[in-house]
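Report on the structure given below.
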Amino acid sequence: MRLILLGPPGAGKGTQAQRLVHRYGIVQLSTGEMLRAAVAAQTPVGLKAKDIMASGALVPDDIVIGIISDRLDQPDAAKGFILDGFPRTVPQAQALDDLLKKKHMRLDAVVELRVNESALLARVETRVAEMTARGEEVRIDDTPEVLSKRLASYRSLTEPLIHYYSERRKLLTVDGMMTIEHVTREINRILTAIGAVDAKSTKKAAGKAVLKLPGKAAKIAKKAAKAPRKAGKPASKGAKKPASKARPAPKAKAGKSPKKSAKKVTKKRAKA
Ligand code: AMP
4 MRLILLGPPG AGKGTQAQRL VHRYGIVQLS TGEMLRAAVA AQTPVGLKAK
54 DIMASGALVP DDIVIGIISD RLDQPDAAKG FILDGFPRTV PQAQALDDLL
104 KKKHMRLDAV VELRVNESAL LARVETRVAE MTARGEEVRI DDTPEVLSKR
154 LASYRSLTEP LIHYYSERRK LLTVDGMMTI EHVTREINRI LTAIGAVDAK
204 STKKAAGKAV LKLPGKAAKI AKKAAKAPRK AGKPASKGAK KPASKARPAP
254 KAKAGKSPKK SAKKVTKKRA KA
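When the letters of the sequence shown are read in order and numbered with the working numbering, they come out as residues 4 to 275.
Right, dumping it as structure tokens:
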């Protein structure tokens, strides 16, 4: 399974990525983590990135694209991966398309965690408090001032990716304002519905059956299809409101190949 998690800082991408890693045995590729490691190790990349990251701006595309390209070649990425924090700009997304094509890899879905911006500061404050309590070093970019800069760069540079992937029929939106547990469940449900994970593995890994009956995913997906769809909306409008429902592949059946399911989604969305 190959996924991108999209969302502003504090949306819960890291938390959900870890849960997906645990459940499906795939790797989390977080450019933020990789850059922080490079900064700590004072590598040439780290030295270039350090001040940029501290200010809340984005590191140049060529640096992160290079990092991701190398990382995708590592054997542990062959089983599948979750990109967390990459791509963050349209040129990065285009570069990723090229990279995946060259490496004969196919992206299953882009999961957007949609959150209410006003909740983000509180979430980041909670993260800081939790890290402090665990005795971990707090990120220097987790301050209200830098967070507002990171949010601004998300809005102007990253939000256009919502439209980018929506056009390519890859976007699935989940209401990131729900509890962590609910968000996880919703992500698993829609991944099953589009056929990115088979019902069996979801059932086995989840402990509790997400799909108890064959075809249940289709029913759930049908229900979700009735929900208002915002995928085609311009990013600037759509991204401001939290989505109340996920926007998965409406008619996909569990167990179908991702390719087939993606086609179905395409057809369905084209009709809408
Ligand atoms: P994150 O941990 O994803 O919040 O990233 C922390 C910081 O690392 C960001 O504010 C950027 O400065 C930098 N960074 C991480 N990923 C990228 C990326 N894909 N493109 C540019 N800069 C990035």
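Backbone N, C-alpha and C fix where the C-beta goes; we use that ideal spot for every residue, glycine too.
- In this structure P94 is exposed. Its beta-carbon is surrounded by fewer than 16 other beta-carbon atoms within 10 angstroms.
- Check the Cα spacing between V24 and each of G59, I85, I193, E184: the tightest is with I85.
- According to DSSP, S72 shares a beta bridge with no other residue.
- Remark: the shortest separation between the CB of T34 and any heavy atom of ligand 1 falls under 7 Å.
- When R117, L110, R188, I55 are compared, the shortest CA-CA separation from R22 is found for R188.
- A Cβ-Cβ distance of about 7 Å is found for the pair V177 and R117, placing them in contact under the 8 Å criterion.
- In this structure, A41 lies near V48, with their beta-carbon atoms less than 8 Å apart.
- Beta bridge pairing from DSSP links I85 with L6, Q31.
- Beta-bridge pairing by DSSP links E115 to L9, T176.
- Residue L154 holds the alpha-carbon nearest to the alpha-carbon of L124 among D201, Q77, L154, R26.
- Not one heavy atom of ligand 1 lies closer than 7 Å to the C-beta of R158.
- Contact between P90 and L102 fails: their C-beta atoms lie close to 10 Å from each other, not under 8 Å.
- Within 7 Å of the C-beta of A60 there is at least one heavy atom belonging to ligand 1.
- Rounded to the nearest whole angstrom, the CA to CA distance from T34 to G88 is 6 Å.
- DSSP places V186 within a helical segment (H, G or I) once states are collapsed to three.
- C-alpha of A199 to C-alpha of D73: approximately 24 Å in a straight line.
- Straight through space, the alpha carbons of S121 and E128 are spaced by roughly 12 Å.
- At a threshold of 7 Å, D54 does not count as near ligand 1, since its beta carbon sits no closer than that to any of the ligand's heavy atoms.
- Beyond the five residues adjoining it in sequence on each side, Y157 comes within less than 6 Å, by CB distance, of P11 in the same chain, given in chain order.
- With contacts defined by Cβ atoms closer than 8 Å, L32 and V114 do not form a contacting pair.
- In the DSSP annotation of this structure, the continuous segment of the alpha helix (DSSP H) that includes D100 starts and ends at 93-105.
- One alpha carbon belongs to V62, the other to A44, and they sit about 17 Å apart.
- The C-alpha of R39 is placed about 12 Å away from the C-alpha of E140.
- Taking the C-beta atoms as reference points, G138 is found no nearer than 8 Å to G15.
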